[in-house]
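Numbered continuously in my numbering, the sequence shown closes out at residue 243. Yeah, the Cβ is synthetic: ideal placement off N, Cα and C, and Gly gets one too. The structure appears below as structure tokens.
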Amino acid sequence: MRPEQRTSFARYRHSLWLLTQRDLRVRYSTSLLGYFWSILDPLVMAGIYWFVFTQVFQRTVGNEPYIVFLLSALLPWMWFNGTVSDSTRAFLREAKLIRSTRIPRTIWVNRLVLSKGIEFVASIPVLLLFALVAGAEVTAGAALFPLAILIQTILTAGIGLIVAPLVVFFRDLERAVKLILRFLFYASPVIYGTADLPADLRFWAGFNPLSGLFSLYRAAFFPEQLDWTLVLISALMSVLFLVLGLVVFSRTERAVLKEI
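See the structure below:
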């Protein structure tokens, strides 16, 4: 018996890795600049916001260098946004394969979390390059990156497990998720910091789990952005979303298989 087949967890991990590899190969097999394309979108967005807020308007939010401030939240946002968006089609796109296999169906969501997470990790050298060019100092807060990645993995998996099965029954939810993500982008501290918000909005922004996440990521270059209260709220809400996602998924799994 192969090592990956000895326990159910080992088989799950092995299957998850195979499906993730397949996703990455399919995505980049026909592209000579696969890695470049994976980071082009956040770089273009960061460039636009940098130009607007530094060259057109007088910016009063964020830290200098602003391009590093932007990228340190924009790159993890792309991971979150891409995974949740793709989760709306996780079951519909692979319907025949899902029905014909007996592996745990959560793997069809978790493979998206892992593949998008690998793309995010691959973009970290780009962030470091911009930090070097712009003169941003890497601080001891960089040691918190693994914690931020862990919390984001839990959060993204939980939301994906909620969205994926519900879209099967309510197809309009796919469009609704896109609108919600668009709103959430501006409601999250990507182009600004939570401390830049008015006091009455800062309280409510604290319940956005992305606030604590971006606080952790930015601590690598801007220690003053780290807020442990936000981080704690983010961690608790991420676990809550994961538990809720597992409950929703387990209760809808059989109905989903019939529907697809």
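*Measure how close the beta-carbons of F137 and S221 come, nearest whole angstrom, since I'm counting them as under 8 Å.*
By 1-based counting over the sequence shown, the position of residue 137 is 154. By 1-based counting over the sequence shown, the position of residue 221 is 238. The residue asked about is misnamed: residue 137 is Ile in this sequence, not Phe. Contact between I137 and S221 holds: their C-beta atoms lie close to 4 Å from each other, under 8 Å.
*Can you check the segment 35 to 103 for any alpha helix (DSSP H) of at least 4 residues that lies completely inside it and give the ranges in chain order?*
Counting only runs of at least 4 residues, the segment 35 to 103 fully encloses the following alpha helix (DSSP H) elements, listed from N- to C-terminal order: 49 to 70, 73 to 76, 78 to 83.
*Determine, using beta carbons only, whether V67 and L164 come nearer to each other than 9 Å.*
Position 84 of the sequence shown holds residue 67. Position 181 of the sequence shown holds residue 164. A contact, by the Cβ cut-off of 9 Å.
*Hey, could you find the ends of the alpha helix (DSSP H) F224 is sitting in?*
The residue labelled residue 224 in the question sits at position 241 within the sequence shown. Residues 211 to 242.
*asked:* Output needed for P206: all residues of its chain with C-beta closer than 7 Å, excluding positions within five of it in sequence on either side, in chain order.
replied: Looking up residue 206 in the sequence shown gives position 223. So the list reads T122, G124, once near-sequence residues are dropped.
*asked:* Taking the alpha carbon of V51 as the reference point, which residue from A238, T177, L110, S198 has its own alpha carbon closest?
replied: The residue labelled residue 51 in the question sits at position 68 within the sequence shown. The shortest C-alpha separation from V51 is found at L110.
*Which of helix, strand or coil does DSSP assign to T3?*
Here the question's residue 3 lines up with position 20 in the sequence shown. Note: T3 maps to helix in three-state DSSP.
*asked:* Closest to Q208 by C-alpha separation, out of E236, A131, A178, D183, would be which residue?
replied: Position 225 of the sequence shown holds residue 208. The shortest Cα separation from Q208 among E236, A131, A178, D183 belongs to A178.
*Using the beta-carbon count (16 or more within 10 Å), is Q263 buried or exposed?*
Residue 263 is absent from the structure shown; the chain starts at -16 and stops at 243.
*For R(-6), does the three-state DSSP call read helix, strand or coil?*
Here residue -6 is taken as the residue at index 11 of the sequence shown, counted from 1. R(-6) falls in the helix class under three-state DSSP.
*What separation, rounded to the nearest whole angstrom, lies between the Cα atoms of M(-16) and F(-8)?*
Here residue -16 corresponds to residue number 1 of the sequence shown, with the count starting at 1. Here residue -8 corresponds to residue number 9 of the sequence shown, with the count starting at 1. Caution applies to M(-16), whose pLDDT of 49 falls short of 50 and renders its modelled position unreliable; the model cannot decide the point.
_According to DSSP, is R180 part of a helix, a strand, or is it coil?_
Your numbering for residue 180 matches position 197 in the sequence shown. According to the sequence displayed, residue 180 carries Leu and not Arg. In the three-state reduction of the DSSP assignment, L180 falls in the coil class.
_Which of the three DSSP states is assigned to E120 in this structure?_
For the purposes of this step, residue 120 is taken as residue 137 along the sequence shown, with counting starting at 1. Look at E120 here: in three-state DSSP terms it is coil, with no helix or strand label.
_I need the straight-line Cα distance from F224 to T235, nearest angstrom please._
By 1-based counting over the sequence shown, the position of residue 224 is 241. By 1-based counting over the sequence shown, the position of residue 235 is 252. Roughly 16 Å between the two C-alpha positions.
*What are the boundary residues of the alpha helix (DSSP H) that L127 is part of?*
Mapped onto the sequence shown, residue 127 falls at position 144. Here L127 belongs to no alpha helix (DSSP H), and DSSP marks it neither H nor E.
*How about P172 and L180: are their beta carbons less than 9 Å apart?*
The residue you call residue 172 lines up with position 189 of the sequence shown. The residue you call residue 180 lines up with position 197 of the sequence shown. Yes.
*Might you give, ordered along the chain, the residues of its own chain that have their beta carbon closer than 8 Å to the beta carbon of L49, omitting 5 neighbours on each side?*
Stepping through the sequence shown from its first residue, residue 49 is reached at position 66. It is worth fixing the name first, because residue 49 is Tyr in this sequence and not Leu. Cβ within range, chain order: W33, F36, T37, R42.
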